[in-house]
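Take a look at the structure set out below.
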Amino acid sequence: DDAVTESKAAAMGGVTTMLTYFRTGQYYLNRGGSWRDFFPDVLKLSQDRYWCDYAYHLAPIQSLHLEEMEMLAVEHGVPSFKIFMFYGGYGLHGRTDPEAQRRFLMLGPDDSYDLAHFEFVMRSAARLCQRRPELGEHVSVSLHCEMADVLNAYTKLVQRDRSLTGLRAYSAARPPHGEGLAVWIAAYLAHETGCRNINLLHLSSRKALDAALMAKAIFPHVDFRREVTVGHLLLDCDGPAGAHAKVNPPIRPREDVEYLWQGVLDGHVDWIVSDHACCASEVKGARRPEDDIWPAKSGFGGTEYLLSGVFSEGRRRGLAEHRIAELTAWNPARRFGLTSKGDIAVGYDADLALIDPTRRFVVHAADSPSSQGYTPFEGQELTGQVQATFLRGHLIYERGAIVGPPRGRYVRRPGPRP
Numbered sequence: 064d065d066a067v068t069e070s071k072a073a074a075m076g077g078v079t080t081m082l083t084y085f086r087t088g089q090y091y092l093n094r095g096g097s098w099r100d101f102f103p104d105v106l107k108l109s110q111d112r113y114w115c116d117y118a119y120h121l122a123p124i125q126s127l128h129l130e131e132m133e134m135l136a137v138e139h140g141v142p143s144f145k146i147f148m149f150y151g152g153y154g155l156h157g158r159t160d161p162e163a164q165r166r167f168l169m170l171g172p173d174d175s176y177d178l179a180h181f182e183f184v185m186r187s188a189a190r191l192c193q194r195r196p197e198l199g200e201h202v203s204v205s206l207h208c209e210m211a212d213v214l215n216a217y218t219k220l221v222q223r224d225r226s227l228t229g230l231r232a233y234s235a236a237r238p239p240h241g242e243g244l245a246v247w248i249a250a251y252l253a254h255e256t257g258c259r260n261i262n263l264l265h266l267s268s269r270k271a272l273d274a275a276l277m278a279k280a281i282f283p284h285v286d287f288r289r290e291v292t293v294g295h296l297l298l299d300c301d302g303p304a305g306a307h308a309k310v311n312p313p314i315r316p317r318e319d320v321e322y323l324w325q326g327v328l329d330g331h332v333d334w335i336v337s338d339h340a341c342c343a344s345e346v347k348g349a350r351r352p353e354d355d356i357w358p359a360k361s362g363f364g365g366t367e368y369l370l371s372g373v374f375s376e377g378r379r380r381g382l383a384e385h386r387i388a389e390l391t392a393w394n395p396a397r398r399f400g401l402t403s404k405g406d407i408a409v410g411y412d413a414d415l416a417l418i419d420p421t422r423r424f425v426v427h428a429a430d431s432p433s434s435q436g437y438t439p440f441e442g443q444e445l446t447g448q449v450q451a452t453f454l455r456g457h458l459i460y461e462r463g464a465i466v467g468p469p470r471g472r473y474v475r476r477p478g479p480r481p
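Residues 64 to 481 (this note's numbering) make up the sequence shown, in order.
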């Protein structure tokens with residue numbers, strides 16, 4: 064169902080292609096087992112439900128998935144794989160016991176989701192590049208960089224102390240150095256395993272971005288790419304969004320936000336994304352922003368505000384329009400094998416977003432087709448509103464309304480070059 068509503072939200076924001084994370088386990092069809100059995104069902108359920116084109120990042124969770132990475136790349140056009148570095152010892156929404164996490168991931172009795180497993184994922188990716196050199200440019204491992212041991216220890220400290228509340232407490236419970244440490248471990252594992260393409264996802268803090276830049280200097284043979292999200296650029300932990308903005312890694316203090324923006328301006332960030340994770344109001348566990356942060360669920364959507372948010376705040380800081388296009392279209396399309404996307408040129412898909420650069424608007428969840436029912440960006444005034452979105456030449460959104468039937472197609476990667 065969320066393929067329908069959230070792809071409509073993407074079209075509203077000028078997004079023509081969604082690259083969505085999927086894994087086995089709870090929340091995701093609530094099944095474990097082989098990707099060979101699992102992924103065809105994902106594709107079947109996706110068909111004729113997207114208003115924009117779509118592809119998938121997949122997570123090798125179980126040991127048997129390591130041997131399926133080549134199959135996924137060759138038979139299904141999925142060359143990008145994702146690791147959540149904290150999942151083995153810390154819950155998606157907060158502290159939990161290890162056995163609960165095993166049930167959450169639906170691990171087999173001989174499976175472990177730990178640093179050794181992450182190493183083996185990278186070794187499998189490196190082997191895939193060697194065996195299929197024609198795919199090597201686009202085979203990559205993406206990582207959510209936080210360390211479970213750090214999160215467990217600091218969550219206990221913050222909850223025991225009780226001097227912090229809201230997003231400030233959540234940021235302190237998942238401190239920036241936990242991100243930085245995870246970046247270093249990921250970087251060394253990439254060096255050790257010969258995994259050539261590493262994506263460091265949704266870096267949220269100065270310490271995380273600095274660690275990523277130092278890793279690049281120490282391991283120049285690894286092609287690191289650095290990502291930030293529109294949420295971490297438009298929100299800070301002292302803002303009014305409160306529990307509605309609970310997400311992993313957390314929304315940070317304003318000084319971290321400004322450091323990320325400087326990284327964007329200095330060319331240290333490769334792309335900006337939404338990290339859209341729709342968490343409907345009835346699931347979120349926080350009806351109001353001021354509700355308790357700890358029982359609230361993590362995640363929120365925001366694809367419909369990605370382009371306008373980057374345009375509005377980026378232009379105010381001197382970010383050129385061609386750089387916005389690179390950060391939101393060209394760079395991610397090149398990295399992830401979306402070879403017919405990301406540019407306006409002969410042979411490329413006629414995917415276009417028309418934006419009125421002078422139009423100001425105030426964000427209201429009620430205006431979005433998303434099923435979420437709230438937004439942490441509520442009340443923000445942005446300049447630069449998407450007026451129309453075209454997918455392969457077809458108008459799919461215009462001035463507040465979705466147009467036509469769902470035209471989204473599954474995109475095998477890498478596609479043919481224009």
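Glycine included, C-beta positions come from ideal geometry on N, C-alpha and C.
Between which two residues does the alpha helix (DSSP H) containing residue 468 stretch?
Unbroken run through residue 468: none, as it is neither H nor E.
Could you work out which residue in 105, 307, 262, 96 is closest to residue 437 when comparing CA atoms only?
Ranking 105, 307, 262, 96 by CA distance to the CA of residue 437 puts 307 first.
Nearest candidate by alpha-carbon position, reference residue 541, set 479, 230, 237, 266:
An answer regarding residue 541 cannot be provided, because it is not within the stretch 64 to 481 covered by the chain.
Just the C-alpha distance for residue 113 and residue 298, rounded to the nearest angstrom, thanks.
When rounded, the distance between both Cα atoms is 28 Å.
What is the DSSP secondary structure of residue 458, reduced to helix, strand or coil?
In this structure, residue 458 counts as strand in the three-state DSSP scheme.
Assigned exposure category for residue 225 - 16 Cβ within 10 Å defines buried
Exposed is the call here.
Based on Cα-Cα distance, which residue from 68, 279, 192, 378 lies nearest to residue 421?
Among 68, 279, 192, 378, the Cα nearest to that of residue 421 is on 378.
Cβ-based neighbour list, residue 236, same chain, cut-off 6 Å, excluding 5 preceding and 5 following:
Same-chain partners within the cutoff: 217, 218, 221.
Taking 7 Å as the cut-off, does the CB of residue 395 come closer than this to any heavy atom belonging to the ligand SAM?
Summarising the ligand content, the structure contains no ligands, and the ligand SAM is consequently not present.
Since I believe residue 131 is in contact with residue 109 (beta carbons under 8 Å), could you give me their beta-carbon distance rounded to a whole number of angstroms?
So it is not a contact: roughly 19 Å between Cβ atoms.
Per DSSP, what are the beta-bridge partners of residue 416 in this structure?
In the DSSP secondary-structure assignment, residue 416 is bridged to 452.
With distances taken Cα to Cα, identify the nearest neighbour of residue 349 among 156, 446, 89, 72.
Cα-wise, what sits closest to residue 349 is 156.
For residue 74, count neighbouring C-beta atoms within 10 Å of its own C-beta (all shown protein chains included) and say buried if the count is 16 or more, exposed if not.
In this structure residue 74 is buried. Its beta-carbon is surrounded by 16 or more other beta-carbon atoms within 10 angstroms.
Simplified DSSP state of residue 210, which is helix, strand or coil
Here DSSP, grouped into helix, strand and coil, assigns residue 210 to coil.
The stretch 383-400 in contact with the stretch 352-360 per 3-pair CB rule at 8 Å
Cβ pair count under 8 Å is below three, so no.
Note down, one range per segment and in chain order, each beta strand (DSSP E) of at least 3 residues found wholly within the stretch 189-266.
Complete beta strand (DSSP E) runs here, min 3: 203-207, 260-263.
Return the first residue and the last residue of the alpha helix (DSSP H) that residue 277 is part of.
Unbroken alpha helix (DSSP H) run through residue 277: 269-281.
Helix, strand or coil: how does DSSP classify residue 71 here?
DSSP, read as helix, strand or coil, puts residue 71 in helix.
Can you name the start and end residues of the alpha helix (DSSP H) that residue 289 belongs to?
Element bounds for residue 289: not the alpha helix (DSSP H) but the beta strand (DSSP E), 286-292.
Reduced DSSP secondary structure (H/G/I, E/B, other) of residue 423
Strand, per DSSP.
Mind reading off the beta-carbon distance from residue 126 to residue 205? Whole number of angstroms is fine, and I expect it under 8 Å.
Contact doesn't hold; Cβ gap of about 20 Å is too wide.
By Cβ distance, which residues of its chain are closer than 8 Å to residue 381, with the 5 residues on each side in sequence left out?
Counting only Cβ-Cβ distances below 8 Å, and skipping sequence neighbours, we find 328.
With DSSP collapsed to three states, give me the class of residue 407.
The answer is coil: DSSP assigns residue 407 none of H, G, I, E or B.
State the DSSP-derived secondary structure class of residue 357, mapped to helix, strand or coil.
Residue state, collapsed to three classes: coil.
Using a Cβ distance threshold of 8 Å, determine whether the stretch 195-210 contacts the stretch 315-335, with at least three qualifying pairs required.
The answer is no - the stretch 315-335 does not touch the stretch 195-210, with fewer than three Cβ pairs under 8 Å.
Just curious, the alpha helix (DSSP H) that residue 109 is in, first and last residue?
DSSP places residue 109 inside the alpha helix (DSSP H), whose first and last residues are 98-109.
Three CB pairs or more closer than 8 Å across the stretch 308-325 and the stretch 116-124
They do not touch, by the three-pair rule.
Hey, would you say residue 416 sits closer than 8 Å to residue 446, going by beta carbons?
No. Outside cutoff.
Mind reading off the beta-carbon distance from residue 239 to residue 190? Whole number of angstroms is fine, and I expect it under 8 Å.
Contact check for residue 239 and residue 190: beta-carbon distance about 34 Å, past the 8 Å limit, so the pair fails to qualify.
Below 8 Å, can you find three or more Cβ-Cβ pairs linking the stretch 406-416 to the stretch 334-354?
Proximity of the stretch 406-416 to the stretch 334-354 falls short of the contact definition, fewer than three beta-carbon pairs being nearer than 8 Å.
Mind checking which residues open and close the beta strand (DSSP E) that includes residue 347?
Looking at the DSSP string, residue 347 is not in any beta strand (DSSP E); the run it does join, the alpha helix (DSSP H), is 344-347.
Identify which residue in 471, 253, 241 has its Cα closest to the Cα of residue 187.
When only C-alpha atoms are compared, the closest one is 253.
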